[in-house]
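First the structure, in the form of structure tokens, and then the observations on it.
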Amino acid sequence: MPLRLTPRDTTFFDLLTELAQHLVTGSNLLAEMLGADRPERKELAKQLSEAEHDADESTHSIMRRLNQTFVTPFDRDDIYELTSALDDCMDYMEEAADLIVLYRIGELPARVSDQVQVLQRAAELTAEAMPRLRSNLTDLAEYWVEVNRLENQADKAHRKLLAELFDNVSDPIELMKLKEVVEILEAAADGFEKVANTVETIALKES
Amino acid sequence: MPLRLTPRDTTFFDLLTELAQHLVTGSNLLAEMLGADRPERKELAKQLSEAEHDADESTHSIMRRLNQTFVTPFDRDDIYELTSALDDCMDYMEEAADLIVLYRIGELPARVSDQVQVLQRAAELTAEAMPRLRSNLTDLAEYWVEVNRLENQADKAHRKLLAELFDNVSDPIELMKLKEVVEILEAAADGFEKVANTVETIALKES
Amino acid sequence: MPLRLTPRDTTFFDLLTELAQHLVTGSNLLAEMLGADRPERKELAKQLSEAEHDADESTHSIMRRLNQTFVTPFDRDDIYELTSALDDCMDYMEEAADLIVLYRIGELPARVSDQVQVLQRAAELTAEAMPRLRSNLTDLAEYWVEVNRLENQADKAHRKLLAELFDNVSDPIELMKLKEVVEILEAAADGFEKVANTVETIALKES
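This is the structure in structure tokens:
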């Protein structure tokens, strides 16, 4: 084992990167679901549920290490926040996928694809950012600015989409189903913003 | 006053146990409500509202003590988290009971009883766990594993129940009422999981 | 620059006061919207959105300063909590205003005015309380007791309003729209309570 010049535990970065990569997998499966037919959707939702289990494992590994490590690379509470926020993103994506299947939702409005594209982009940016927490944190400004921009865009699109649903879906029960899925996707986008804000907090404290 | 060998304040454990016992009372009243007729439900909801006031008192006592005590038995923030999470469980149960009365809900689907049984079991386990925070924390592993298992089960049951409501309740207004009650009960189950996770965090830090 | 007898940074108080004043502006615009016709509502919602941007600026200033200041007037996490809670209040008010316009909601039930009056009163009390964080904190007890009282009152009114909506609005889609607005207003009232509770926590720690 090579000499460690710093007591900081690098495996936190590996675990956070691993967790964020499960979110990339999850968001891609969700995107695939939208265009799929019902039996395919069921299969994809199952895969997303497995990705969510993997993310849970990563989350538990981080939490356990966090509670048992004396010297953490950043403020303990910030790592906790970051991990919880990443885990929440995954839970929302899995919940959305599950409800699309359980509610036997048919074709989804085009703007839902826009929502999911934001999640895919945010997940990619997050997975790229995690290993870079190890080195120069100020370089990450581009990442958190971009995720905040994406979330603002998603928020505006989400409200337009809600108004559209109320205008175009005349069956109230169908409307309730779609509204719930759309709101869970919005919560996932909020989750990615929370991740980015926590990274910003960490960077500002370290600077 | 006997000699204290430790500066740790044992009354935190007493107050947390007291608070958790109000949750047992609350969950039992909620279970009773399900099978009751309308006038009985109103009376039981009133009793649950009183239990919620009692829980509020316990919560405020803990918070006041927490902010005024220099040496706390565990990390101050963890006691805060634990207390808030217990208080949230009670608030959700009281809200569910109140809405069942206010919305004049008739018979509730059988799966709602399953939800409430999970709450009763989680409340019992929690009330048993609180006094044991005082001594060997690792013995509590069984408790938090069991509450997590219960919550996972409740989560799956909750989604099936939602799908069932959408399939079987044709009146959208009735559906909205039931969906709201069911979701508040799910939030209560999540609350018990949060309590258990905080206990796990405390135990891992102390081990 | 005059001699500072204390290293405490007074600008936190100025910034928190500024942020709270944006909430006063926001709540007043919201109140004006209720009685306005559709084109006026659109204009007022735009002004509220600008107030929300201003609040965002104040929030970011506080967060940046918080992360870069070594000595903060109170516990760093409590200032963070307080700022986030103030920002959340504003976000909810802006969201409610936006949805009233987007959903083209007609006349709102009288109890909604009661909800918004609570927000106006809570915002005023909060804006008066912020500069007083600088000096004698125990004097603030009246403030947090009053906001808690207001929120309890708002909570009861909110549930009655929900029951009323279910009784009186026969179009489920109209009901869904109104219910969403009403629940966001209730979340705003909860937000003001959270602000008051954080002030109480700060005061108890300092006493």
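Residue numbers (the numbering used here), protein chains in the order written: chain W, 1 to 207; chain A, 1001 to 1207; chain E, 2001 to 2207. Don't be surprised by glycine CBs; every beta carbon is placed ideally from N, CA and C. All of these numbers come straight from a predicted model, not from anything done at the bench.
Cβ-Cβ distance between residue i and residue j below 7 Å
{"i": "residue 26(W)", "j": "residue 130(W)", "result": "no"}
{"i": "residue 1193(A)", "j": "residue 1151(A)", "result": "yes"}
{"i": "residue 116(W)", "j": "residue 31(W)", "result": "yes"}
{"i": "residue 178(W)", "j": "residue 147(W)", "result": "no"}
{"i": "residue 960(A)", "j": "residue 1114(A)", "result": "Nothing can be reported for residue 960(A), as the shown portion of chain A is limited to 1001 through 1207."}
{"i": "residue 2019(E)", "j": "residue 2086(E)", "result": "yes"}
{"i": "residue 79(W)", "j": "residue 72(W)", "result": "yes"}
{"i": "residue 110(W)", "j": "residue 24(W)", "result": "no"}
Where residue i sits in the DSSP three-state scheme
{"i": "residue 1184(A)", "result": "helix"}
{"i": "residue 1113(A)", "result": "helix"}
{"i": "residue 2003(E)", "result": "Note that residue 2003(E) has pLDDT 46, beneath the 50 cutoff, so the model's placement of it is unreliable and the number below is only indicative. Correct three-state label for residue 2003(E): coil."}
{"i": "residue 2171(E)", "result": "coil"}
{"i": "residue 2148(E)", "result": "helix"}
{"i": "residue 85(W)", "result": "helix"}
{"i": "residue 1092(A)", "result": "helix"}
{"i": "residue 35(W)", "result": "helix"}
{"i": "residue 71(W)", "result": "coil"}
{"i": "residue 1133(A)", "result": "coil"}
{"i": "residue 2107(E)", "result": "coil"}
{"i": "residue 1975(E)", "result": "Shown here, chain E extends from 2001 to 2207; a query on residue 1975(E) therefore has no answer."}
{"i": "residue 49(W)", "result": "helix"}
{"i": "residue 2061(E)", "result": "helix"}
Pairwise C-alpha distance: residue j and residue i
{"i": "residue 7(W)", "j": "residue 187(W)", "result": "Below a pLDDT of 50, predicted positions are generally treated as unreliable, and residue 7(W), at 48, falls in that range; the measurement from the model is reported next regardless. Looking at the two C-alpha atoms, the distance is approximately 37 Å."}
{"i": "residue 1205(A)", "j": "residue 58(W)", "result": "19 Å"}
{"i": "residue 162(W)", "j": "residue 2100(E)", "result": "12 Å"}
{"i": "residue 1001(A)", "j": "residue 1067(A)", "result": "Only weak support exists for where residue 1001(A) lies, its pLDDT of 43 falling under 50; the value from the coordinates is given anyway. When rounded, the distance between both Cα atoms is 23 Å."}
{"i": "residue 45(W)", "j": "residue 123(W)", "result": "18 Å"}
{"i": "residue 1084(A)", "j": "residue 1077(A)", "result": "10 Å"}
{"i": "residue 1013(A)", "j": "residue 1106(A)", "result": "40 Å"}
{"i": "residue 135(W)", "j": "residue 63(W)", "result": "22 Å"}
{"i": "residue 41(W)", "j": "residue 28(W)", "result": "13 Å"}
{"i": "residue 2102(E)", "j": "residue 207(W)", "result": "42 Å"}
{"i": "residue 33(W)", "j": "residue 173(W)", "result": "22 Å"}
{"i": "residue 2171(E)", "j": "residue 171(W)", "result": "11 Å"}
Same chain only: Cβ atoms within 6 Å of residue i, ignoring 5 sequence neighbours per side
{"i": "residue 3(W)", "result": "Confidence at residue 3(W) is low in this model, with a pLDDT of 45, below 50, so its placement is unreliable and no value can be given for it."}
{"i": "residue 1184(A)", "result": "1092, 1095, 1096"}
{"i": "residue 1118(A)", "result": "1150, 1154, 1189"}
{"i": "residue 144(W)", "result": "196, 199, 200"}
{"i": "residue 2061(E)", "result": "2015"}
{"i": "residue 1074(A)", "result": "1202"}
{"i": "residue 2017(E)", "result": "2130, 2131"}
Residue i at chain C interface by Cβ criterion, 7 Å
{"i": "residue 102(W)", "result": "As a matter of chain content, chain C is missing from the structure shown, whose protein chains are W, A and E."}
Other residues of its chain near residue i: CB distance less than 8 Å, five sequence neighbours each side excluded
{"i": "residue 1011(A)", "result": "1065"}
{"i": "residue 2175(E)", "result": "2165, 2166, 2169"}
{"i": "residue 182(W)", "result": "112, 115, 158, 161, 162, 165"}
{"i": "residue 2104(E)", "result": "2038"}
{"i": "residue 1208(A)", "result": "Residue 1208(A) lies beyond the range of chain A shown here (1001 to 1207); nothing can be said about it."}
{"i": "residue 2082(E)", "result": "2016, 2195, 2198, 2199, 2202"}
{"i": "residue 1047(A)", "result": "1029"}
Proximal residues to residue i (C-beta, below 7 Å), its chain only, five neighbours per side dropped
{"i": "residue 1203(A)", "result": "1137, 1138, 1140"}
{"i": "residue 227(W)", "result": "In the structure displayed, chain W extends from 1 to 207; residue 227(W) sits before or after that span and is not available."}
{"i": "residue 2132(E)", "result": "2139, 2140"}
{"i": "residue 2036(E)", "result": "2044"}
{"i": "residue 1022(A)", "result": "1051, 1054, 1055, 1058, 1090"}
{"i": "residue 88(W)", "result": "191"}
{"i": "residue 2180(E)", "result": "2099"}
Report the residues of the segment 2055-2089 of chain E with a CB closer than 7 Å to any CB of chain W, ordered along the chain. 2064, 2067, 2068
Along the segment 2190-2201 of chain E, what residues have a CB closer than 7 Å to any CB found in chain A? 2201
Give me the subset of the segment 1149-1183 of chain A whose CB atoms are less than 8 Å from a CB atom of chain E, sorted by chain position. 1172, 1173, 1176, 1177
Which of the residues in the segment 2099-2127 of chain E, read from start to end, lie with their CB under 9 Å from any CB of chain A? Cβ contacts with chain A come from no residue of the segment 2099-2127 of chain E.
Counting only Cβ-Cβ distances shorter than 8 Å, please list the residues of the segment 2129-2146 of chain E near chain A, keeping chain order. none
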